[in-house]
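Below is one structure, written out as structure tokens; the observations come after it.
Number of protein chains: 2
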Amino acid sequence: MPLEWSGLSPELLLTLDRGSGEGLRAQLERQIRDAIRAGRLQVGERLPSSRELACRMGLSRGLVQDCYAQLRSEGYLATRVGASTTVAARACPPVAPAPEAPPAPRLVADFRAGVPDLGSFPLADWLWALREAGRALPTAALDYGAARGAAELREVVAGYQRRVRAAAADAERTVICSGYAQGLDLALRALAARGIRTLAHEDPGAPAMTSAAAAQAGMAAVPVPVDEQGIDVRALAATGARAVLVTPAHQWPTGVVMAAERRRALIAWAQRRDAYVIEDDYDAEFRYDREPVGSLQGLAADRVLAVGTVSKSLAPALRLGWLLCPPQLVEPVVGFKELADRGSPTLDQLALARLIASGRYDRHLRRMRAVYAARRAALVEALAVHAPGVRLTGLAAGFHAVAHLGAGRDEEAVVAAARARQVGLYAMAANRAEPARADGPRLVLGFGNVGERAVTQGIAAVGDLLAG
Amino acid sequence: MPLEWSGLSPELLLTLDRGSGEGLRAQLERQIRDAIRAGRLQVGERLPSSRELACRMGLSRGLVQDCYAQLRSEGYLATRVGASTTVAARACPPVAPAPEAPPAPRLVADFRAGVPDLGSFPLADWLWALREAGRALPTAALDYGAARGAAELREVVAGYQRRVRAAAADAERTVICSGYAQGLDLALRALAARGIRTLAHEDPGAPAMTSAAAAQAGMAAVPVPVDEQGIDVRALAATGARAVLVTPAHQWPTGVVMAAERRRALIAWAQRRDAYVIEDDYDAEFRYDREPVGSLQGLAADRVLAVGTVSKSLAPALRLGWLLCPPQLVEPVVGFKELADRGSPTLDQLALARLIASGRYDRHLRRMRAVYAARRAALVEALAVHAPGVRLTGLAAGFHAVAHLGAGRDEEAVVAAARARQVGLYAMAANRAEPARADGPRLVLGFGNVGERAVTQGIAAVGDLLAG
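As structure tokens, then:
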């Protein structure tokens with residue numbers, strides 16, 4: 175067996191065999207050449223300095239310099255004066271570019287729902303909050319955090335939910351998660367662990383995502399119709415389900431606010447059936463001209479599992495949310511969070527706590543309420559002018575509304591014709607679990623990420639299509 | 175039906191009924207008082223300014239000021255000159271403090287494994303990277319990102335893995351996740367979706383966490399013994415499993431580096447059996463005096479699913495990691511990531527990409543290698559002095575080693591006696607799936623988060639216990 179010697183450069187995996195008979199410089203050259211040919215090193219990637227590589231491999235610096243010089247002369251490497259050595263542009267086999275969809279044509283207005291005004295994200299405030307949280311960070315906070323979330327954020331979120339949503343919230347029953355999708359996933363797993371095997375959900379709603387989430391937790395999903403008061407509780411009771419997912423503050427996608435009587439009936443059903451309500455507190459932050467309505471969770475904290483997120487109030491990219499859990503579900507939810515990802519990122523959590531506690535979060539929401547109210551007014555006015563026959567509903571909260579097309583109209587045909595005029599419209603059909611139930615052709619108009627002028631121009635461009 | 179009027183304050187849910195007969199000021203006072211009594215508003219929480227509340231509720235400012243003055247005189251509210259109105263300290267019913275475990279006594283040295291040196295986390299670099307990423311952030315990046323992760327980070331991670339781990343990585347097959355726990359969860363779900371129902375894993379290993387993760391994906395977990403060369407591939411084949419989880423770079427917890435021949439046997443098994451290897455590339459960043467060993471994934475990219483994380487190289491609190499997937503598993507893994515949380519936080523991902531691309535990540539790793547090497551040397555030396563008969567193995571990489579106690583010694587008794595001297599030691603027992611297999615009493619000594627002096631003092635304090 176030959177005597178072996180080898181070393182590891184931090185940026186590049188190389189092995190020298192001092193007993194192989196091949197010279198060390200030849201070995202080094204060959205390995206770097208092979209790494210470049212095989213694509214392990216790609217155009218523009220940095221190599222260690224000759225001093226550093228020599229030190230780590232136990233070679234003389236001159237030997238490494240000679241090796242680099244040789245590879246430069248072969249066109250594999252490039253060195254600019256005073257800069258580091260990198261892989262040269264002409265050295266590499268051409269990498270096939272990833273197949274990409276052709277860029278979508280720029281739209282006059284895109285009424286896609288579910289996206290807040292991204293341009294208004296308070297980036298300076300968020301970076302301030304991250305910096306402040308970082309400055310105050312105890313060393314121990316860099317370890318794995320509690321799966322249930324940072325204590326500071328759980329306190330602040332619970333306080334906020336009590337004040338603003340009349341929720342029965344405390345830090346002990348608040349679990350931090352990574353946005354609504356994970357909140358729903360954790361809630362469903364906790365319910366499935368209690369033997370619940372069927373999830374009822376609103377129709378129209380988000381049938382594809384809801385069914386997929388339910389299936390992942392081992393549950394079947396059953397649609398239940400929504401009318402002008404909210405979910406049909408009698409139809410819900412008839413399904414035999416012991417869990418239901420609802421959006422009481424502003425129903426997705428019809429925009430209905432669940433009526434007080436319907437709320438009471440839903441809670442009574444849950445108590446009678448030993449069932450649970452998952453409350454997606456969707457769009458609760460932005461209300462306009464209706465009476466304030468607290469969260470369902472505040473009415474029956476032992477039956478309602480509320481899921482909230484900053485995706486609409488701040489931005490989806492942050493991936494932060496929370497669950498308010500009935501006492502008996504707290505530990506199961508925390509257990510599933512532990513298995514899922516051992517907790518959400520600590521610095522982000524502490525930054526959100528600072529943002530809320532400092533009042534900057536409230537200030538942002540106040541500003542955004544005015545922004546969305548103006549867009550909503552522009553939408554109402556533009557429709558009154560350009561498509562006066564089209565009824566608009568679901569305007570009490572949030573940033574989407576429903577436009578009712580005349581009987582017999584074809585949603586998809588209107589969407590396609592609008593697209594040809596560079597206006598993004600969206601059919602209700604995608605949100606329906608049972609198309610047969612449809613009560614007339616409708617479009618869902620999101621105005622969260624569309625400026626006032628674009629709202630007006632977009633509706634002006636398609637008014638005749640909507641009016642039919 | 176009385177005429178109703180109501181309004182919503184952004185920070186507090188209040189409803190006024192103008193037809194109720196009760197005066198508006200009385201209603202406002204009562205509702206705030208009730209909110210404080212019920213704990214919806216807690217000590218120190220801010221109320222809106224009188225001007226703002228008046229504006230939002232459609233009241234005169236004088237009425238709100240009178241209401242606040244009354245509640246101040248009753249002791250519910252407090253206002254400092256020039257500051258906001260808050261809930262007064264004596265107003266609230268005492269909140270029962272959450273039951274907390276008594277603080278653990280401060281240890282001379284805590285040899286808990288699996289934690290890097292938290293005090294060395296490059297916080298300034300991380301905040302720099304967040305700021306830079308934030309500054310360059312396109313507005314569209316605030317929307318939901320791709321579930322597979324930000325393109326910038328996938329490129330940078332793939333490049334890094336090619337260079338440093340000789341991985342067969344490209345951005346297309348790299349999926350960003352929230353640390354190792356989520357990476358394992360996604361990998362197992364993707365394998366379960368291919369009909370694989372049994373996961374073999376190393377013994378000793380992390381049996382509790384591995385079994386729980388497997389169960390969550392609908393898989394059974396089967397332990398397979400580890401010897402001085404790594405996992406016993408013959409025993410693995412005998413289990414009939416078609417998936418195995420291994421830590422080839424530095425086996426947890428024995429510290430064995432998987433031998434080249436064992437690697438080849440493992441890959442051959444996977445190819446023969448149409449099986450998959452999940453490679454936890456644990457501790458690959460920190461190697462000391464052994465030949466560099468590339469990742470298993472680089473040997474058989476279509477059979478190995480590699481999971482990496484920054485929990486050891488930076489800090490667990492960041493919750494960022496990645497999977498390098500065989501081509502046929504990319505889309506299933508991305509689909510499960512989409513369901514799990516719709517992608518990891520974008521700003522954190524872009525910050526990590528900047529940290530690596532700028533060379534600051536490499537610089538940190540180089541610095542930490544020196545730090546850990548010094549602690550490792552201190553451990554070896556302290557044991558040679560204070561417990562010369564105790565054999566130490568598993569020192570080739572990472573920041574934990576295994577101390578072999580004399581035959582017949584009781585691991586738990588040594589741990590308990592050390593704890594009485596304020597030294598945290600950890601028994602191998604917790605890591606064994608089948609205790610009967612144990613080849614002698616051993617302790618796992620982590621030195622990642624223990625300073626050199628504490629290593630020396632800690633071992634000096636328990637040397638006689640170890641020597642027995």
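For the record, the sequence lines run as chains A and B.
Quick note: the first sequence uses our numbering, first residue 175, plus one each step.
Quick note: the second sequence uses our numbering, first residue 175, plus one each step.
Glycine included, every Cβ here is placed at the ideal spot set by N, Cα and C.
8 Å Cβ cut-off: residues of chain A touching residue i
| i | result |
| --- | --- |
| Gly308/B | Leu297, Trp300 and Leu301 |
| Gly517/B | Arg493 |
| Ala380/B | Result: empty, since nearest Cβ-Cβ is about 13 Å, beyond 8 Å. |
| Leu513/B | Ala355, Asp359, Ala386, Ala387 and Gln390 |
| Ser224/B | Result: empty, since nearest Cβ-Cβ is about 16 Å, beyond 8 Å. |
Rounded separation between residue i and residue j - CA only
| i | j | result |
| --- | --- | --- |
| Leu237/A | Ala228/A | 8 Å |
| Ala332/B | Asp377/A | 43 Å |
| Asp299/B | Glu306/B | 10 Å |
| Leu311/A | Gly319/A | 12 Å |
| Leu215/B | Gly625/B | 45 Å |
| Ala262/B | Arg477/A | 32 Å |
| Asp454/A | Leu419/A | 7 Å |
| His538/B | Ala380/B | 28 Å |
| Gly404/B | Ile452/B | 15 Å |
| Glu248/A | Glu203/A | 11 Å |
| Leu479/B | Ala361/B | 7 Å |
| Glu178/A | Gly193/A | Model confidence at Glu178/A stands at a pLDDT of 25, short of 50, so the residue's coordinates are unreliable and nothing is read from them. |
| Arg328/B | Ala491/B | 20 Å |
| Ala303/B | Gly213/A | 27 Å |
| Asp240/A | Ile206/A | 13 Å |
| Arg235/B | Ala341/A | 28 Å |
| Glu346/A | Asp317/B | 31 Å |
| Ala423/B | Ala374/B | 18 Å |
Partners in chain B for residue i, counting only beta-carbon separations shorter than 8 Å
| i | result |
| --- | --- |
| Leu187/A | Arg337, Val338, Arg339, Ala340, Pro466 and Gly468 |
| Gln244/A | Neighbours of Gln244/A on chain B: none; closest Cβ ~20 Å, over 8 Å. |
| Glu219/A | Gly333 and Arg337 |
Same chain only: Cβ atoms within 8 Å of residue i, ignoring 5 sequence neighbours per side
| i | result |
| --- | --- |
| Tyr242/B | Leu221, Ser224, Leu251, Thr253 and Thr259 |
| Ala366/A | Ala391, Gly392 and Met393 |
| Leu581/B | With the sequence shown as reference, residue 581/B is identified as Ala, and Leu is not the correct amino acid for it. Excluding residues within five positions, the ones whose Cβ falls inside 8 Å are Gly614 and Pro615. |
| Ala547/A | Tyr462 |
| Ala603/B | Glu585, Glu586, Pro609 and Ala612 |
8 Å Cβ cutoff met for residue i and residue j
| i | j | result |
| --- | --- | --- |
| Leu170/A | Leu494/A | Given a span of 175 to 642 for chain A in the structure shown, any question on residue 170/A remains unanswerable. |
| Leu281/A | Val597/A | yes |
| Gln523/A | Gly308/A | no |
| Ser518/B | Ile350/B | yes |
| Ala561/B | Ala641/B | yes |
| Asn605/B | Pro290/B | no |
| Ser469/B | Arg627/B | no |
| Ala592/A | Leu639/A | yes |
| Val400/A | Gly568/A | no |
| Ala283/A | Val629/A | yes |
| Pro397/B | Ala607/B | yes |
| Glu512/B | Ala321/B | yes |
Contact set for residue i: own chain, Cβ-Cβ below 7 Å, skip 5 residues either direction
| i | result |
| --- | --- |
| Ala364/A | Leu503, Pro506, Val507 and Phe510 |
| Ala343/B | Ala332, Gln335, Arg336 and Leu498 |
Within chain A, the residues that residue i reaches when beta carbons sit closer than 7 Å
| i | result |
| --- | --- |
| Val289/B | Asp317 |
Sequence-distant residues of its chain with Cβ nearer than 6 Å to residue i (five each side left out)
| i | result |
| --- | --- |
| Arg565/A | His578 |
Whole-number beta carbon distance between residue j and residue i, since they are thought to touch under 8 Å
| i | j | result |
| --- | --- | --- |
| Gln356/B | Ala570/A | Not really, about 38 Å apart at Cβ, beyond 8 Å. |
| Ile167/B | Tyr334/B | Outside the displayed span of chain B (175 to 642) sits residue 167/B, for which this structure offers no information. |
| Tyr620/A | Phe573/A | For clarity, residue 620/A is Gly in the given sequence; the question names Tyr instead. With a Cβ gap of about 6 Å, Gly620/A and Phe573/A count as contacting. |
| Val618/A | Ala287/A | 5 Å |
| Thr413/A | Thr372/A | 7 Å |
Residue-chain proximity (residue i, chain C), Cβ-Cβ < 8 Å
| i | result |
| --- | --- |
| Pro427/B | Absent from the structure is chain C; the protein chains it does hold are A and B. |
Chain A contact residues for residue i, given Cβ-Cβ distances below 9 Å
| i | result |
| --- | --- |
| Thr520/B | Ala489, Pro490, Ala491, Leu492 and Arg493 |
| Ser194/B | By Cβ distance, chain A contributes nothing, its closest Cβ being about 13 Å from Ser194/B, past 9 Å. |
Closer than 7 Å at the beta carbon, the chain B residues around residue i
| i | result |
| --- | --- |
| Thr313/A | Leu292 and Gly293 |
| Ala305/A | The sequence given here places Arg at residue 305/A; Ala does not occur at that position. Residues of chain B passing the Cβ test: Leu301. |
| Asp455/A | Ordered by position in chain B, no residue passes the 7 Å Cβ test against Asp455/A, which lies about 13 Å from the chain. |
Where residue i meets chain B, residues with beta-carbon distance less than 9 Å
| i | result |
| --- | --- |
| Leu215/A | Gly333, Arg336 and Arg337 |
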